[in-house]
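2 protein chains.
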Amino acid sequence: MAALTAIDYQTDPSRYRHWRVEYDGDVAYLIMDVDQAGALNGGEYELKLNSYDLGVDIELNDAVQRLRFEHPEVRAVVIKSGKDNVFCAGANIRMLGKSTHQQKVNFCKFTNETRLAIEDASENSKQIYICAINGNAAGGGYELALAADHIMLVDDRRSAVALPETPLLAVLPGTGGLTRVTDKRKVRRDRADVFCSIEEGIRGAKAVDWRLVDEVVPNSKWKDAVAARAHEIAARSDRPQDAKGIKLTPLARKIDGDRVSYPHVGIEIERARGLAAITVRGPAQSVPASLAAAHALGDAFWPLAVARELEDAILHLRSNEREMGVVLLRTEGNAQGVLEHDDFLAQASGDWLMREIRHYLKRVFKRLDVTAKSLIALIEPGSCFAGTLAELAFAADRSLMLVGTREGDNRKPAAIALSAANFGAYPMGNGLTRLQTRFLGEPKALETLKGKIGQAIDAEEAAELGLVTVAYEDFDWDEELRMLLEERASFSPDAMTGMEANLRFAGPETMETKIFGRLTAWQNWIFQRPNAIGEQGALKLYGSGVSPTFNKERV
Amino acid sequence: MAALTAIDYQTDPSRYRHWRVEYDGDVAYLIMDVDQAGALNGGEYELKLNSYDLGVDIELNDAVQRLRFEHPEVRAVVIKSGKDNVFCAGANIRMLGKSTHQQKVNFCKFTNETRLAIEDASENSKQIYICAINGNAAGGGYELALAADHIMLVDDRRSAVALPETPLLAVLPGTGGLTRVTDKRKVRRDRADVFCSIEEGIRGAKAVDWRLVDEVVPNSKWKDAVAARAHEIAARSDRPQDAKGIKLTPLARKIDGDRVSYPHVGIEIERARGLAAITVRGPAQSVPASLAAAHALGDAFWPLAVARELEDAILHLRSNEREMGVVLLRTEGNAQGVLEHDDFLAQASGDWLMREIRHYLKRVFKRLDVTAKSLIALIEPGSCFAGTLAELAFAADRSLMLVGTREGDNRKPAAIALSAANFGAYPMGNGLTRLQTRFLGEPKALETLKGKIGQAIDAEEAAELGLVTVAYEDFDWDEELRMLLEERASFSPDAMTGMEANLRFAGPETMETKIFGRLTAWQNWIFQRPNAIGEQGALKLYGSGVSPTFNKERV
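These protein sequence lines are chains A and B, in that order.
Take the first sequence: its position 289, counting from 1, is numbered 289 in the working numbering, and each next residue is one higher.
Each position in the second sequence, counted from 1, maps to that position plus 1000 in the working numbering.
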């Protein structure tokens, strides 16, 4: 990946180079057939053997998302390979070798998020994923399979699942591999140790016995068995029979120097101060008159539109504005409109599309939680930190709220308003809502807050209730904010990243938080070590025929 | 710390340079009064302002341990400073600046373990810790306080608690600080963010309001208030009234080239292969005739003796044999004797000393769990992997068991035997027993295994039951073992450390595993980054008057 080419997370099937989707009634086949000449941004590596780079994963993420929104009729999705005798060789090693540390970490993060989106689709959209491994699934290839609910492996005395990162590359199966092997598949730890040490992997009945896959099927019966299993699993889904999907149309995004604008979201970069400001706008229209009217709006329905735009903004800032270490989070518009949309979504929660939208918003907020930028919410007159949009303030590392009004500004004082959505619709990766996480030490506060649903909470009350970090008068605001931003800019970006990754996830750990918090942090360390990336390191020398030379000291 | 001087974890009060203990009935005062000229192994830094290095922590660990065993009458322990107006300035920065990466990581690990030992004493020995902060408690100084059950802060308009690592040093409060702030003290995450950004810390009523300390006391009432609180907390303890402590006498340890021997434990180093072999011997004597007889044995009582020696062996290998990446775990002796000692401990579990011994064994096995070496248990004829000693096999990354006998060896085939101790006495940091963790995917296996308590389980049955990784005949043993050790030696030590740290802790995370698995991994990464340790890094430049220069890229 060239460091200076912007990465675009938007795509659509007409532009896919690596994936295609085939439909068979309630089953879709998501077929990986990587174009080896299709490296992202013209990267100088070949995507052989269905190995992937970020570009391949951007398409996968898009495909998973479209299946949920555009294909309510699909109840089971089979991931398989379009190539003979190879399923997927994992992340492309030459790409990793040429990547900067930041690129590697960012790539792994997005890949993790896509795997979690697959699991979220199985669990919450009842669009259940199956992985049909017709060939070798190595490294990231097997990690992709691990995201599926059901893993089938062809029994042809050749096809195997493997996590060869450690023996081959001196790094970890770091995009969920180790954690999913022990915590999702519940493979016995000493077997996991053996499995992660074997370059060639494990195949056949032993792969089932070790819980690495759910079933093996002889080659002769493969296609029928996969189809039969897919239809059987599809029958467990609660997705509707005769619903019509909605089209995810291209985002109306304008990039103009240091400004990126979408209909409901704007980004402004202040390069000299290392700042990006995101502004999210509340709904301009009132809620649809009916569920049918909401469906008819398609991706123009405000909650969905805002989710798509905010997600793209977050991904853009992560990849393309790496030196902007602080993100200011602002909202503007009609708080009442946000609350009404929340109510609409809650009342229609049995509808498949409203369910999708809610889970999508949940995933977008989760992207914010794992974004390595300091998040500072600014709650000022004219803002609409209400319900769903109040999650932005609760996701922030700090939140500042203005007391009263500003001179010369006739807008009402800022208020926060809660909706039922703040109490369950958008759990974090740790399984708790942001308010639960926030008030871990004062669980009674949650009851008090529930009693305030729908009310306008002004700055002094919000500070009293613990909803914001601090409330300032207009008199102090600019100076306090300036000092905070200067202070933040003076800190080590690495220390900030580590501190935020720890402080944001108080309380329980889940498989998801273990992947981001434990596995990723170990991988980040290993990615920096000379044994991996030094001149004699394994990642550097891979494919050269020269064996790596390791410093034997155990740290 | 000079890299080539061996670190000795053994000490006793007659040799303390930094701590002293004073007794007041059921309360002990553990007084930190660091000798600034007393750096470990003559290190070239001054331990000013009660800052500490590994040597200070070795004494603290010893003192905590002796209080438990030698002072059953002590029911509350007050940690305080022996200096005026300063509690503890945390880890010595110059020491950190001069340390290698390995030394920093190893130092933090031992410090973490000592903090956990303090929490274990409060919780499980009912020797409850109070921290009386009479001065500034910064960084590791406040982290030490966080280990206490109750934190008191003098309210003198000056004394504060602070975690200034991030603003001052571009690293994290990494020995538990971040995790204990959010998960133990349950400080609100945005307040934690503010607190961790303020060099000067927080004092007075605000420190209570923010949950950073439990109470503040005016200077004038300080001494009496601390004593009163300590006696009040002591009254909650269930420790016995008239018991007599036992003396922890110096270990009979001989270091002879590549061999370290203790009465019940031996270490042999095979330097060329990067191997250390630990052999633990079963009891030579039968169980004591009575509880009184066990007390009379003092630290010669086998379970206690073995715990002390094994702990010292583990710590020695970590610090002084860094290039020995693989540890072979062997036992030899009388399995029946081990089981009888387990039964003795279990039957006398109401006795304070037996309780101490059990929790001590638990902590020693936990040290093994977080040791960054590949652990391979070898279960051969003559071994005694029974009950408590079987935990060694369950702590191992892999276990190999010999089927049948060896030619020319008339000892019986190897057997594993379980005792009740394997089902609850020695939980790992994740809160589960090693068998529960091992069989996370097959919980029914635990019931089967409980039915086998006390039986000799031979190699084939052990493999069938999943108790060992693999069973080999004599014919294959040497070759298979040789290949395994060569393979392990060929892997990147860093990747092994990361892989093991992930695979060993399947299942739930606790505050303890979060500290070792999440926080430590982030800190390891940050410790490697140029922003901390580069020529322009904060850790390097601290105290020079020159401000660090950071690469602003967020990773």
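Glycine included, every Cβ here is placed at the ideal spot set by N, Cα and C.
Inter-segment contact for the stretch 1486-1502 of chain B and the stretch 490-505 of chain A is absent: fewer than three beta-carbon pairs are separated by less than 8 angstroms. At least 8 angstroms separates the CB of GLN436(A) from every CB of chain B. Contact holds between the stretch 366-382 of chain A and the stretch 395-403 of chain A, because three or more Cβ pairs, one in each stretch, are under 8 angstroms apart. Scanning chain B for C-beta atoms nearer than 8 angstroms to the C-beta of GLN536(A) yields nothing, as the closest lies near 11 angstroms away.
Taking 8 angstroms as the upper bound for CB-CB distance, GLN1010(B) and ASP1258(B) are not in contact here, some 20 angstroms apart. Pairwise C-beta distances place the stretch 1436-1448 of chain B out of contact with the stretch 1412-1419 of chain B, as fewer than three of them are shorter than 8 angstroms. Not one beta carbon of chain A lies nearer than 8 angstroms to the beta carbon of LYS1126(B). Under the 8 angstroms criterion on CB atoms, ALA272(A) is classed as non-interfacial with respect to chain B.
TYR1360(B): member of the alpha helix (DSSP H) spanning 1352-1369, first to last residue. Closer than 8 angstroms to the CB of CYS196(A) there is at least one CB belonging to chain B.
Runs of the beta strand (DSSP E) lying entirely within the stretch 170-256 of chain A and spanning at least 3 residues, in chain order: 215-218 and 254-256. Residue contact with chain A for GLU1123(B): absent (no Cβ-Cβ distance below 8 angstroms to any residue of chain A). At least one CB of chain B lies nearer than 8 angstroms to the CB of SER399(A).
With the criterion set as a beta carbon lying under 9 angstroms from some beta carbon of chain B, the stretch 402-428 of chain A has no members that meet it. For MET1095(B), no chain A residue has a Cβ inside 8 angstroms of its Cβ, as the nearest lies near 17 angstroms away. Distance from the CA of ALA348(A) to the CA of VAL260(A), rounded to the nearest whole angstrom, comes to 33 angstroms. In this chain, the beta strand (DSSP E) harbouring GLY266(A) covers 265-270. Separation of GLU1340(B) and ALA1421(B) (C-alpha to C-alpha, rounded to the nearest whole angstrom) is 11 angstroms.
Under the DSSP assignment, LEU96(A) falls in the alpha helix (DSSP H) whose first and last residues are 93-98. For the set VAL468(A), LEU368(A) and THR469(A), the Cα lying nearest the Cα of TYR426(A) is the one of LEU368(A). Check the Cα spacing between ASP35(A) and each of ASP26(A), GLU44(A) and LEU49(A): the tightest is with LEU49(A).
For SER1319(B), the uninterrupted alpha helix (DSSP H) segment begins and ends at 1302-1320. By a beta-carbon distance limit of 8 angstroms, VAL1077(B) contacts TYR1129(B). Their separation comes to about 5 angstroms. Exclusion of the five residues before and after ILE1151(B) leaves CYS1131, ALA1145, VAL1213 and ASP1214 as the residues of its chain whose Cβ lies within less than 6 angstroms of its Cβ. Under the 8 angstroms criterion on CB atoms, MET1483(B) is classed as non-interfacial with respect to chain A. Selection ALA1289(B), ASP1474(B), LEU1484(B) and GLU1442(B) evaluated against GLY1466(B) yields GLU1442(B) as nearest (Cα-Cα).
PHE1107(B) is classed as buried because its beta carbon has at least 16 other beta carbons within 10 Å across all chains shown. Of the candidates PRO1167(B), ASP1024(B) and ARG1191(B), the residue whose Cα lies closest to the Cα of ALA463(A) is ARG1191(B).
Taken through DSSP and simplified to helix, strand or coil, GLU1535(B) comes out as coil. When Cβ pairs closer than 8 angstroms are counted between the two stretches, the stretch 1539-1548 of chain B is seen not to touch the stretch 302-317 of chain A, the count staying below three.
For THR520(A), the enclosing alpha helix (DSSP H) has its first and last residue at 520-528. Ranking LEU54(A), LYS254(A), GLY204(A) and ILE93(A) by CA distance to the CA of ASN136(A) puts GLY204(A) first. Secondary structure of LYS1083(B) (DSSP, three-state): coil. Around the C-beta of PRO1173(B), 16 or more other C-beta atoms lie within 10 Å, and the residue is accordingly described as buried. Between LEU1067(B) and GLY1055(B), the gap from beta carbon to beta carbon reaches 8 angstroms or more. Under the 8 angstroms criterion on CB atoms, TRP1522(B) is classed as interfacial with respect to chain A.
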